[in-house]
Structures are given as structure tokens and as C-alpha cells.
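Protein chains in written order, with the numbering used here: chain L, 3 to 354; chain W, 3 to 354.
Here is the structure we will look at, set down as C-alpha cells.
2 protein chains.
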Amino acid sequence: MKVNVHRAEINPIIAPEHVKPSRPDMEVIGVFNAGVSKLGDEVILLLRVAERPVPNDPEAYLTPIWRHETGALDILRIERTEDADFSDPRVIRTPYQNYLTSISHLRVARSLDGYNFRIDEKPTVLPETEYETFGIEDPRITELEDGYYITYSAISPSGIVVPLLHTRDFVSFERRGILFHPDNKDVTLFPERIGGRYYALHRPSSSHYAKPDIWIADSDDLLRWGNHRRILGVREGGWDGGRIGASAVPFRTERGWLELYHGADEDNRYAVGAVLLDAERPWQVLARSSRPIMEPEAAFERDGFFANVVFPCGALVEGDTIRLYYGAADRSVGYAELSVREVLASLEGEEA
Amino acid sequence: MKVNVHRAEINPIIAPEHVKPSRPDMEVIGVFNAGVSKLGDEVILLLRVAERPVPNDPEAYLTPIWRHETGALDILRIERTEDADFSDPRVIRTPYQNYLTSISHLRVARSLDGYNFRIDEKPTVLPETEYETFGIEDPRITELEDGYYITYSAISPSGIVVPLLHTRDFVSFERRGILFHPDNKDVTLFPERIGGRYYALHRPSSSHYAKPDIWIADSDDLLRWGNHRRILGVREGGWDGGRIGASAVPFRTERGWLELYHGADEDNRYAVGAVLLDAERPWQVLARSSRPIMEPEAAFERDGFFANVVFPCGALVEGDTIRLYYGAADRSVGYAELSVREVLASLEGEEA
């Protein structure tokens, strides 16, 4: 059964031109992959804002790097020589080190209606530690008993790690250490304890033997994780054959935990699928979309900084409505509504 | 100051010809990288035993794979075509999956004098779970208050993970879940709590941005780990410029925790260095060998299945004597004695 995706007419709801750069010599090239939650009456988005120095030299690429030693941004000049591979617009590959073409920070946006957002004028969370040299990306927000817990990807020459950030008000934030060692991404914390324990979906991102699959781990304190199990694999040749990862924070339904995950094919086209996990044993997969429930279709999803991407980092679920906020083409934020009932119906008859 | 390495005259103390294959159609090609501990008066080695099917076909390579679904070994035939890369004797690289050329299990050997070992006739710990399809390797043994805890590398199409094994007698063993997600290797547990917590050195093995460096993590229950910190990096161009990893279980000295680690250069030559960690804050590096304290020099270390490797997985420390058991050229087990005092002296004036 098809899942209807009702996109907002004003999409994209947030685009780079709405965001003030952190410095006058930087330009915002993307605002996307936003975590979402509610604080009182307001919808909170924690936006990933990607910036780069305003280009001024055709012979070289200017790469921004956070220097934790000095607490300042440094602009690295990489010559466009044969040694440097620029084929992926997101990454520069050089023989000894890979770099990102932009640096991301997190910024809060607030809305009463869920469509029109007031975006903070300044960065809310900037890179800070030695693990955040190349930026911080793709936050997921989970509200738990004592506040909001935010997982995100931190990139540096030490790899891609997943730190934990805690806040009660989205004004002050506290770093709580690194939860998953390199390389890992796409960590979403379940919004309640299950059988007394916390659970997280995670995605080991680099392996000599494995594909980028989805794993689950559990914890007693949110800081230390173990009991790692692989629960969902890529499907060779299919829409989710290249990589998969948890996207929205999983939410409870009458049939189990529903997770809207992203899958990319071998051509890096990112779509959204659904997976249903057992309510009490969330490491057990009950059903999984054989086809995407949402694909890059609108112009702003097909064209952008990195083409053909829909990538949710969060959703608000109100009654039967999934209010989905998603990154589009690594450039802007889109909004769409889906029906929980329709997503569950689409999974009937689907295999695990 | 130079560290004297007193190698046993009867080296290698254990070689493949001393080990009975697990099946008549298999041959033992390596017995190496052994964990070591003491049980009563006996020295216990937990050997890594690598086997492969007796070759019978020049056109193809026969790769052994453990099928957890059936509980049996399966022999996969890989044609020697252009698609398959056999340049590393340890690995076969094919477009969709890497394989190992052998499969390893763990086997106990016992000795009263520490040189002459009685080796079990049969495998002690065989691959068992879906994470052990390609074998189990490189165990480290740490004795704690309620028995022996063994970390090892488990290889499969789900990646390289580090499970925990518990035993009290080296006869019956219990698996306690996966401690570190893919890819990770070279995990050594500290032999006591520090400030109330357990600590482990670990080595994330694959990253888009990082090198294979040594990290530390802590735990309350030995099962769930967090607070990951990178503590020791490769040194570009040097003897430990390619990869590093913890080797022996760290032990307390008057100056702090002493860890004998392995480093490989860009040509995959594996040597041993020392690193001194703060007694109370083991994530703080106090000093590190600028040159190896032990290198592949003896013939059985220079030639073997994989040339130029000395690779300890354990040591017994008695007074000033480090009784080092080490894998040699991925083929056999060597024994050497070093002086704690000399190793510490060699670190004087060395930087962190």
C-alpha cells in the first residue's frame, strides 16, 4: 500500500538565504538535517548549518578547520592538484587526510505553527573539542525524563564519532562525552527505557568487511553502551543497497517501535523507508519497507548541494500525523506529513 | 637506553607442527598471537590457531567459513580471476566482500615451566555466533575479581567486533556480548578498577578520516563502554606510522601503567614499543618509545606466513621480569624476557 506524503506548499521551509553566516567572510551553503523536538508550545529545530569561506581563488579550495587549541577557525588552502580528489562535492580526498568542503555547526530555530521559523542569528552550538575539528552534523533530539539528549556526528582527523549533548532549554548545552568510537553516525536514542534500559540505533560507518548497516546497543546511563547487535542490513542492488542509517527518533505505535530510516543506493540517492521493531525486544525486526515510503521528487530535493537526497533527522508524532522535518539535497529543510496508519499498513505483509 | 630482549633458545616455543588440526581435511598454517595468564601453578596460553583446507586446486582458493545457522564449517571456492585480489596472504579481496585466507579458533596450552607447553588436542573455543563467521583471533586475557575476561577479534561480513568471553577454569567459557562495534581490534582490559571504573584500550580499525590509533574507554560493568578518548596516534613515516594497537595487558609499575603496544610501519613491519600511562588517569600518556624496544630480528620472526612481525598479546610480570609471549610472522609463538626497569629507563626523557 502506498504511503501519501503531503509536502508543505511553502517548501523548503528553511533555506541558506534565511540563515546569517557566523562570520562576514563565510557563506552558508546548506541548512539541513535538523533535529526536532517540542519545548512548551514551540517546535524547536536544531539545524545543521554548513558554511565555507567565500571563494576567492580558482587555483585552490579554502577549507575551514576548527582549531580547538586556539578556539578559532582556521582556513586551510588546498591546491587543486592531481593529488587532491574533488569528485564528491562534500569531501576533498588527499593522500594523507580527507577534508570536508564545509564546516557545520548547530543552530536553533523556533516556531509556533511548525512551518514559520525564527532562526537564531548566531550559532547555538559550535565545534569545541578536538573531535569536532571538521564540524558537527546531523543532530537527533530525544526527550527523556530529565531533559533533551542530542546525539550528533563529530568529524575530525580522529574519525567520525558520536558525542552526547544535554540541554533543558536549548540555550545552555552540556557535552557528556563520546558514546560511539570511530566511525559511527546516525545515532538515535529511544525516547523511553525498555525493560529498564536505554536503547540506541547506531550505524558503524566504515569497515573492512561490513556494509554500513544499522545496529542496536543498550545502556544503563546513556553514556556507556554495549551489547551491540546488527539488526538491519543494506540490500544489494536495491534502493537501500549502498548504506542505511536510522533517521527519525523511533516512536511507539500499537504494533511496535516505528523507525523511519534512510537508505541510499549505489548512486547515493537517499530515500526514506520504515522498519518496525518489537515493542519489548527492539533488536527484533518485525517488518521493513521493500520500497521507499518517500523519495526525492520535488525540485528542491532533486537539486541542491548534493543531488537527490531526502534525509529526516526527526519527526513530531501527533495522533496519526507524522510531522516530518527533513534535509533536502544537503541544502535546505523540507516539511511533510505522513499518516502513521498508512505507514503501518504499508508494512503489512513485508518481511523483516 | 637500549632494552635487552632475551629470546628463548628453543624459540619458537610453539609452531604449527605442534598443533593437531581440527579436522583431517584442514591444515594448521599458524599458531600465534596468544593470550597469557596463570591458573594455579600453570601458565596458560590461549593460542590463536589458523587453519585452511588442504589445497587441492591451483585454479581456486578454498576459504573456510563458519556457518552459524548450521553449526558447521563450509568451504567456499574462490576462483583466481582478475576480480579477486590475493596480494595480501591474509586476505582475499573481491568486489562485494573481503574474505580471510584462513579461519582461526582459540586453543588452550598449559605449562609448568612457561616454555614447554601441552596443547589441547581439540579446539577450546570455536567460532559460534553470526559475528564469528570468518574466525576468532588475537585473544587478551585479564584476570579480575571473579575470573578471567577474554577479549578477542571476531570477523564476519558484519565487520570486525570485539566480544567478551568469561571463564574461571579455561574449560568452560561464557560469551558476554559485543563490547565494541565494527571495526575494532586490539582490546586489552586493565587488570583492576581505577577510581572505581574498569578501563580498556581499544583500536578503532577503519575510518574515513582517522588512522588506526589507540583509544581508551571506561565501564561500570565490563559490558557497556563509553567516554571514548583517543590517546595515542600513529607517527607518520616512522616505525609505528601505519597502525598501532595495544598488545600486552597493561600492568602497574612504580611510575604508572606500562603498556607494550605494537606498531607497524607503512610496509607492515610489526615491532613493539612501550607507553607509560598515568596511574590514576590512564588516558594521560606520560612517555612513549621513540624507537621500538623489540623488532623482528630472529629468522622465525622475519620469515613465516606474514613476514616481519613480532606481536605480543600478553605478558606475565614477575618482579622485574616481563615474560613476553608473542606471535612471530603470523606463524608461531616466541618467548622473550625483558626487564621492567630497563623498559622504564628507556622511556626517561621520551615525550608523550
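Glycine included, each C-beta is placed from N, C-alpha and C at the ideal position.
Query                                                                                                                                                                                            : Result
Tell me the DSSP secondary structure of W/ALA347 in three-state form.                                                                                                                            : helix
Tell me which residue opens and which closes the alpha helix (DSSP H) that L/ALA276 is part of.                                                                                                  : First-last for L/ALA276: 272 to 279, but that is the beta strand (DSSP E), not the alpha helix (DSSP H).
Can you list the residues of chain L that W/SER341 reaches, using a CB-CB cut of under 9 Å?                                                                                                      : Neighbours of W/SER341 on chain L: none; closest Cβ ~34 Å, over 9 Å.
Are there 16 or more other CB atoms within 10 angstroms of the CB of W/MET3, so buried, or fewer, so exposed?                                                                                    : exposed
With a floor of 3 residues, list each beta strand (DSSP E) that falls wholly inside the stretch 143 to 185 of chain W, ordered by position along the chain.                                      : 149 to 158, 161 to 169 and 175 to 182
Quick check: the Cα distance between W/LEU326 and W/VAL274, rounded to an integer number of angstroms?                                                                                           : 11 Å
List, in order along the chain, the chain W residues whose C-beta lies closer than 8 Å to that of L/ASN100?                                                                                      : HIS210 and TYR211
Please list, in chain order, all residues of the same chain as L/SER291 whose beta carbon is under 8 Å from its beta carbon, the five residues on each side excluded.                            : GLY275, ALA276, VAL277, SER348, LEU349 and GLU352
According to a CB-to-CB cut-off of less than 7 Å, which residues of the stretch 108 to 129 of chain L neighbour chain W?                                                                         : none
What is the residue span of the beta strand (DSSP E) that W/GLU134 lies within?                                                                                                                  : Per DSSP, W/GLU134 belongs to no beta strand (DSSP E) and is neither H nor E.
For W/GLU11, which option in W/VAL342, W/TYR337, W/GLY239 and W/ALA354 has the closest C-alpha, if you only look at C-alpha atoms?                                                               : W/TYR337
What residues from chain L crowd round W/HIS264, counting only those whose CB sits closer than 7 Å?                                                                                              : Under the 7 Å cutoff, chain L gives no residues; its nearest Cβ is about 18 Å from W/HIS264.
Listed from N- to C-terminal order along the chain, which residues in the stretch 177 to 188 of chain W have their beta-carbon within a distance smaller than 8 Å of any beta-carbon of chain L? : GLY179, ILE180, LEU181, PHE182, HIS183, PRO184, ASP185 and ASN186
Grouping DSSP H, G and I as helix and E and B as strand, with all else coil, what is W/VAL110?                                                                                                   : strand
For W/ILE180, tell me which candidate among W/LEU166, W/ASP188, W/THR190 and W/PHE172 has the shortest Cα-Cα distance.                                                                           : W/LEU166
Can you give me the C-alpha to C-alpha distance between W/ARG95 and L/TRP241, rounded to a whole angstrom?                                                                                       : 25 Å
Could you spell out the range, first to last residue, of the alpha helix (DSSP H) harbouring L/PHE34?                                                                                            : No alpha helix (DSSP H) holds L/PHE34; the beta strand (DSSP E) holding it covers 28 to 41.
Excluding the five sequence neighbours on either side, which residues of its own chain have a C-beta within less than 6 Å of the C-beta of W/PHE136, listed in chain order?                      : LEU102, ILE157 and SER158
Would you list, in chain order, the members of the stretch 4 to 35 of chain L that have their beta-carbon closer than 7 Å to a beta-carbon of chain W?                                           : none
Need the endpoints of the beta strand (DSSP E) that L/ARG95 sits in, please.                                                                                                                     : 93 to 95
Considering only residues of the same chain and omitting the five flanking positions on each side of W/ALA52, which have a CB-CB separation below 6 Å?                                           : ILE31, GLY32, SER104 and SER106
Using the beta-carbon of each residue, which ones in chain L are nearer than 7 Å to W/SER221?                                                                                                    : ARG226
Buried or exposed, going by whether 16 or more other CB atoms sit within 10 Å of the CB of W/ASN35?                                                                                              : buried
What residues from chain W crowd round L/TRP217, counting only those whose CB sits closer than 7 Å?                                                                                              : HIS183
Within 8 Å (strictly less), CB to CB, does W/SER106 reach chain L?                                                                                                                               : no
Below 8 Å between beta carbons: does that hold for W/ARG271 and W/ASN310?                                                                                                                        : yes
Taking 8 Å as the CB-CB limit, is W/ARG79 close to chain L?                                                                                                                                      : no
Is there at least one Cβ from chain W nearer than 8 Å to L/VAL287's Cβ?                                                                                                                          : no
So, L/ILE77 versus W/SER209, is the Cβ gap smaller than 8 Å?                                                                                                                                     : no
Do the stretch 185 to 193 of chain L and the stretch 136 to 145 of chain L make contact, defined as three or more Cβ pairs closer than 8 Å?                                                      : yes
Assuming L/ILE295 and L/TYR263 are in contact, meaning their beta carbons sit under 8 Å apart, how far apart are those beta carbons, in whole angstroms?                                         : Actually they are not in contact, since the Cβ atoms of L/ILE295 and L/TYR263 sit about 10 Å apart, beyond 8 Å.
Exposed or buried, which one is L/ASP220 when buried takes at least 16 other CB atoms within 10 Å?                                                                                               : buried
Which whole runs of the beta strand (DSSP E) in the stretch 202 to 245 of chain W are 3 residues long or more, in chain order?                                                                   : 216 to 221 and 226 to 234
Are W/ASP267 and W/GLY244 closer than 8 Å when you measure CB to CB?                                                                                                                             : yes
Do you know how far the Cα of W/ILE15 is from the Cα of L/PHE175?                                                                                                                                : 57 Å
Can you list, in chain order, the stretches of the beta strand (DSSP E) that have 3 or more residues and sit fully within the stretch 277 to 334 of chain L?                                     : 287 to 290, 312 to 320 and 323 to 330
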